[in-house]
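Peer 1:
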Amino acid sequence: MLHSRTAASRLLRCATRWQHSSAQPTLNSITSDDIAHFAQFLPQNAILSTLSPISVPPSEIEQYNTDWMGKYRGSSTTVLRPQTTEQVSKIMKWCHERRIGVVPQGGNTGLVGGSVPLKDELILSLSNMSKVRSFDPVSGALVADAGCILESLTEYIAPHDHIMPLDLGAKGSCQIGGNVSTNAGGLRLLRYGSLHGSVLGLEVVLPDGTILDNLSTLRKDNTGYDLKQLFIGAEGTLGVVTGVSILTPAAPRTVNNVILALPTFENVLPLFKLAQQHLSEILSAFEFIDRTAYELAVKHGQGKGLSDEEIEGAECFVLLETSGGKKEHDEEKLNILLETLLESDQPLITTGVLSQSPAQFVSLWKLREGVPEAVSKEGKTYKYDISIPIASFKEVVDATREQLRRKGLLHEDAVRHVIGYGHVGDGNLHLNIAAAAYTPEIESALEPFVYELVASYKGSISAEHGIGAMKTHAIHYSKSGVAINLMRRIKQVFDPHGIMNPRKVLE
Ligand SMILES: Cc1cc2nc3c(=O)[nH]c(=O)nc-3n(C[C@H](O)[C@H](O)[C@H](O)COP(=O)(O)OP(=O)(O)OC[C@H]3O[C@@H](n4cnc5c(N)ncnc54)[C@H](O)[C@@H]3O)c2cc1C
Numbered sequence: 001m002l003h004s005r006t007a008a009s010r011l012l013r014c015a016t017r018w019q020h021s022s023a024q025p026t027l028n029s030i031t032s033d034d035i036a037h038f039a040q041f042l043p044q045n046a047i048l049s050t051l052s053p054i055s056v057p058p059s060e061i062e063q064y065n066t067d068w069m070g071k072y073r074g075s076s077t078t079v080l081r082p083q084t085t086e087q088v089s090k091i092m093k094w095c096h097e098r099r100i101g102v103v104p105q106g107g108n109t110g111l112v113g114g115s116v117p118l119k120d121e122l123i124l125s126l127s128n129m130s131k132v133r134s135f136d137p138v139s140g141a142l143v144a145d146a147g148c149i150l151e152s153l154t155e156y157i158a159p160h161d162h163i164m165p166l167d168l169g170a171k172g173s174c175q176i177g178g179n180v181s182t183n184a185g186g187l188r189l190l191r192y193g194s195l196h197g198s199v200l201g202l203e204v205v206l207p208d209g210t211i212l213d214n215l216s217t218l219r220k221d222n223t224g225y226d227l228k229q230l231f232i233g234a235e236g237t238l239g240v241v242t243g244v245s246i247l248t249p250a251a252p253r254t255v256n257n258v259i260l261a262l263p264t265f266e267n268v269l270p271l272f273k274l275a276q277q278h279l280s281e282i283l284s285a286f287e288f289i290d291r292t293a294y295e296l297a298v299k300h301g302q303g304k305g306l307s308d309e310e311i312e313g314a315e316c317f318v319l320l321e322t323s324g325g326k327k328e329h330d331e332e333k334l335n336i337l338l339e340t341l342l343e344s345d346q347p348l349i350t351t352g353v354l355s356q357s358p359a360q361f362v363s364l365w366k367l368r369e370g371v372p373e374a375v376s377k378e379g380k381t382y383k384y385d386i387s388i389p390i391a392s393f394k395e396v397v398d399a400t401r402e403q404l405r406r407k408g409l410l411h412e413d414a415v416r417h418v419i420g421y422g423h424v425g426d427g428n429l430h431l432n433i434a435a436a437a438y439t440p441e442i443e444s445a446l447e448p449f450v451y452e453l454v455a456s457y458k459g460s461i462s463a464e465h466g467i468g469a470m471k472t473h474a475i476h477y478s479k480s481g482v483a484i485n486l487m488r489r490i491k492q493v494f495d496p497h498g499i500m501n502p503r504k505v506l507e
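Note that the sequence shown covers residues 1 to 507 in UniProt numbering.
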């Protein structure tokens, strides 16, 4: 009896402590005294603030307060742009003591509202930390500041015949620290795997200012828990990534791409299977674009595709890329695949265009990479990036369109297009809804409808963009209660005051 009462009281204590720790901590607003403190160790051009003594107009902060989609908007008064890890550490130490919320910001290209404050948190921009620290052309290990733009890193290692293991449409603006923090997938995941495999080490400033120097360049290191993995995809909720060590693969000696028109979506899976069989190790991308997405890309000048006659009767398109070591070998494999496709009794494709020059190669890629930008030109976009069985891609797009039709929202003044495109090879569909404006009617027609649909396929509500501010309420569709509780406890260990990117990932 005594034993069970003791156990019960221990449980009660636990529960009380748990309730206490999961309550939303109160955070303080930034004051002029804080600015004066930051000015002691940061150069003046590293501080942008509407507060005195800096007093810039709010318009100068606007771009940092607003996300890429124009969907999320914060009211921060202050952006800090440190140049060194030590400066980041001093900022975090102060914010930890003062209980000031901090939002790390990379290129601000995130699509789930994670990179902007929800209230008046401090914005910590990594854009002034943009130096390559080292590159080993033999091992391919690249060590760089977190604020390096992905495309600049690609250009930096190109003369050494290496490429970055990831590539995405936002490469001209997104930063490697942002890529790591979102565990970005992108166009090369099929070939080079996720950042959980290619990141070798990280330097992270923890919420209390402690610098965790885990910037290893070793391929193998089994000394206990692999802490870096926790920060990959943490979306700035556990610490500020200040340095990244990443394995870059040798550049392929030859690349080809081809865009294929398919009469029906049913042919995508058999085509993928055939492509894998014929191309095996040289298949490096297999991207799906539905007809509406293709037409929007062409309409908004994102690459030059097929002629009007060629796309007649096409329901969707596949962009296929090969990369390998020997031109003749790769071309022979690709040609055999294309001949098989065209000469079959029941052809899987209606036609295709094989790039004939580096310029055409880029132009064909643009048809796929340019889709997000093209869709954004049609109005405001609701973006769902989901993992579901490949065979269900069309069902999900059709079901969403039907749901919006049923609700009377499918017209020019509400929802203009429902589009599907994405990384077939990774089972990742981008479901985009282009609307005249973000409205509560459209949002309530889409949510939880889309999340329930994804859950019915046992899919994931975020294949690669993350949870950010957009999906905190929906994380349970893809994570069990046990997993969410463990995540909360990990957050508590790293960030007991809840200052890191508040109200993101976990509610
Ligand atoms: C046109 C377009 C195409 C895209 N294509 C893809 C795609 O194919 N695949 C894909 O996965 N994503 C894609 N995205 C989404 C986006 O580009 C990626 O999520 C990218 O990795 C974000 O990097 P960023 O530097 O812009 O980060 P931000 O948007 O600034 O931040 C994203 C999140 O990471 C956190 N963060 C940023 N930097 C740090 C840091 N140094 N330390 C700690 N936390 C940090 C932020 O707090 C935020 O939560 C696309 C976006 C656009 C606009």
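Beta carbons: idealized from backbone N, C-alpha and C, even for Gly.
Which same chain residues end up closer than 6 Å to Lys394 when comparing Cβ atoms and leaving out the 5 residues on each side of it in sequence?
Peer 2: Translated into positions along the sequence shown, residue 394 becomes position 394. The answer, listed in chain order, is Phe265.
Peer 1: Is Ala170 close to ligand 1? I mean its beta-carbon at under 6 Å from any heavy atom of the ligand.
Peer 2: As a first step, residue 170 is located in the sequence shown; it is residue number 170 there, counting from the start. Checking the Cβ of Ala170 against ligand 1 gives yes.
Peer 1: How is Ser22 classed by DSSP in three states: helix, strand or coil?
Peer 2: As a working mapping, residue 22 is identified with position 22 in the sequence shown. Residue placement at Ser22 cannot be trusted, given a pLDDT of 45 that sits under 50; the coordinates are not used to answer.
Peer 1: Which residues share a DSSP beta bridge with Pro104?
Peer 2: Sequence index remark: in the sequence shown, residue 104 carries index 104 (1-based). Beta-bridge pairing links Pro104 to Leu124.
Peer 1: Give the list of continuous beta strand (DSSP E) stretches no shorter than 3 residues that lie fully inside the stretch 184–259.
Peer 2: 199–205, 211–214, 240–247
Peer 1: Please state the DSSP three-state secondary structure of Leu506.
Peer 2: The residue labelled residue 506 in the question sits at position 506 within the sequence shown. Reduced to three states, the DSSP call for Leu506 is coil.
Peer 1: Just to check, is the beta-carbon of Glu507 closer than 6 Å to a non-hydrogen atom of ligand 1?
Peer 2: Locating residue 507 in the sequence shown gives position 507, counting from the first residue. Not under cutoff, so the answer is no.
Peer 1: Please name the residue, chosen from Asp120, Leu431, Val424, that lies closest to Ala285 on a Cα-to-Cα basis.
Peer 2: Counted from its first residue, the sequence shown places residue 285 at position 285. When only C-alpha atoms are compared, the closest one is Val424.
Peer 1: Check whether the Cβ of Trp68 lies closer than 6 Å to any heavy atom of ligand 1, and answer yes or no.
Peer 2: Mapped onto the sequence shown, residue 68 falls at position 68. Indeed, a heavy atom of ligand 1 lies less than 6 Å from the Cβ.
Peer 1: Please name the residue, chosen from Asn428, Arg99, Glu235, Gly243, that lies closest to Leu212 on a Cα-to-Cα basis.
Peer 2: Taking the sequence shown and counting its residues from 1, one reaches residue 212 at position 212. Closest option to Leu212, Cα to Cα, is Gly243.
Peer 1: With Glu373 as the anchor, note down where its alpha helix (DSSP H) starts and where it stops.
Peer 2: The sequence position of residue 373 within the sequence shown is 373, counting from 1. Element bounds for Glu373: 371–376.
Peer 1: Taking Ile35 as part of the alpha helix (DSSP H), name the residues at either end of that continuous run.
Peer 2: The residue given as residue 35 occupies position 35 in the sequence shown. Taken as a continuous stretch (DSSP letters only), the alpha helix (DSSP H) holding Ile35 covers 32–39.
Peer 1: For Ile388 and Ile419, I'd like the C-alpha separation in whole angstroms.
Peer 2: Your numbering for residue 388 matches position 388 in the sequence shown. Your numbering for residue 419 matches position 419 in the sequence shown. Distance between the alpha carbons of Ile388 and Ile419: 16 Å.
Peer 1: With DSSP run on the structure shown, which of helix, strand or coil describes Arg5?
Peer 2: Mapped onto the sequence shown, residue 5 falls at position 5. With a pLDDT of 36 at Arg5, under the threshold of 50, the modelled position of this residue cannot be trusted, and the question is left open.
Peer 1: Just the C-alpha distance for Val505 and Leu126, rounded to the nearest angstrom, thanks.
Peer 2: Mapped onto the sequence shown, residue 505 falls at position 505. Mapped onto the sequence shown, residue 126 falls at position 126. Rounded to whole angstroms, Val505 to Leu126 spans 20 Å at the Cα level.
Peer 1: Of all the beta strand (DSSP E) runs that stay within the bounds of the stretch 372–429, which reach a length of 3 or more residues?
Peer 2: 380–387, 415–423
Peer 1: Give a single yes or no on whether Val454 has its beta carbon closer than 6 Å to a heavy atom of ligand 3.
Peer 2: This structure does not include ligand 3; its bound ligands are ligand 1.
Peer 1: Using the Cα positions of Ser194 and Ser181, report the straight-line distance between them to the nearest angstrom.
Peer 2: By 1-based counting over the sequence shown, the position of residue 194 is 194. By 1-based counting over the sequence shown, the position of residue 181 is 181. Rounded to whole angstroms, Ser194 to Ser181 spans 12 Å at the Cα level.
Peer 1: Do Leu202 and Val241 count as a contact pair if the criterion is CB distance below 7 Å?
Peer 2: Against the sequence shown, residue 241 aligns to sequence position 241. Against the sequence shown, residue 202 aligns to sequence position 202. It is a contact, given that the beta carbons lie within the stated cut-off.
Peer 1: Count the other C-beta atoms from every protein chain shown that fall within 10 angstroms of the C-beta of Ile35, then say buried if there are 16 or more, exposed otherwise.
Peer 2: Here the question's residue 35 lines up with position 35 in the sequence shown. Buried is the call here.
Peer 1: Is any beta-carbon of chain C found at less than 7 Å from that of Ser198?
Peer 2: Going by chain labels, chain C is absent from the structure shown, which holds only one protein chain.
Peer 1: Out of Gly301, Ala261, Gly172, Ile157, which has the shortest C-alpha to C-alpha gap to Ile246?
Peer 2: Taking the first residue of the sequence shown as position 1, residue 246 is located at position 246. Nearest of Gly301, Ala261, Gly172, Ile157 to Ile246, Cα basis: Ile157.
Peer 1: What number of angstroms, rounded off, separates the C-alpha of Gly408 from the C-alpha of Pro58?
Peer 2: In the sequence shown, the residue the question calls residue 408 occupies position 408. In the sequence shown, the residue the question calls residue 58 occupies position 58. About 39 Å.
Peer 1: Keeping to the same chain, check which residues put their C-beta closer than 7 Å to that of Lys228; ignore five residues upstream and five downstream.
Peer 2: To locate residue 228, count along the sequence shown from 1; it is residue 228. If we look at Lys228 and ignore the five residues flanking it on each side, its Cβ neighbours are Val199, Gly201, Leu202, Asn214.
Peer 1: What do you reckon, are the CB atoms on Thr109 and Ala184 nearer than 7 Å?
Peer 2: Within the sequence shown, numbered from 1, the residue matching residue 109 stands at position 109. Within the sequence shown, numbered from 1, the residue matching residue 184 stands at position 184. No.
Peer 1: Looking at ligand 1, does it come within less than 6 Å of Leu111, judged from the CB to the closest heavy atom?
Peer 2: Working through the sequence shown from its first residue, we reach residue 111 at position 111. Under cutoff, so the answer is yes.
Peer 1: Please report the straight-line C-alpha distance between residue 509 and Gln87, rounded to a whole angstrom.
Peer 2: This structure cannot speak to residue 509, because the chain is shown only from 1 to 507.
Peer 1: Taking 6 Å as the cut-off, is the CB of Pro372 close to at least one heavy atom of ligand 1?
Peer 2: Against the sequence shown, residue 372 aligns to sequence position 372. Checking the Cβ of Pro372 against ligand 1 gives yes.
Peer 1: Of the choices Lys220, Leu187, Ala251, Ala144, whose alpha-carbon is the least far from that of Val204?
Peer 2: Counting from one through the sequence shown, the residue named residue 204 turns up at place 204. Residue Ala144 is the option with its Cα nearest to Val204.
Peer 1: Could you check whether the Cβ of Ala46 sits closer than 6 Å to any heavy atom belonging to ligand 1?
Peer 2: On the sequence shown, residue 46 is found 46 positions in, with the first residue counted as 1. Look at Ala46: its beta carbon is at least 6 Å from all of the heavy atoms in ligand 1.
Peer 1: Residues in its own chain within less than 8 Å of His160 by CB, not counting five upstream and five downstream?
Peer 2: The residue given as residue 160 occupies position 160 in the sequence shown. Phe135, Pro137.
Peer 1: Please work out which residues of its chain come closer than 6 Å, Cβ to Cβ, to residue 510, disregarding the five sequence neighbours upstream and downstream, and give them in chain order.
Peer 2: No statement about residue 510 is possible, as the shown extent of the chain runs from 1 to 507 and does not include it.
Peer 1: Per DSSP, which residues does Ile47 bridge with? Please list them.
Peer 2: To locate residue 47, count along the sequence shown from 1; it is residue 47. DSSP output for Ile47 lists Leu80 as bridge partner(s).
Peer 1: Cβ-heavy atom distance between Gln360 and ligand 1 below 6 Å?
Peer 2: Here residue 360 corresponds to residue number 360 of the sequence shown, with the count starting at 1. Answer for Gln360: no, Cβ out of range of ligand 1.
Peer 1: Could you work out which residue in Ala234, Ala399, Cys95 is closest to Arg488 when comparing CA atoms only?
Peer 2: Here residue 488 refers to the residue found at position 488 when the sequence shown is read from its first residue. Among Ala234, Ala399, Cys95, the Cα nearest to that of Arg488 belongs to Ala234.
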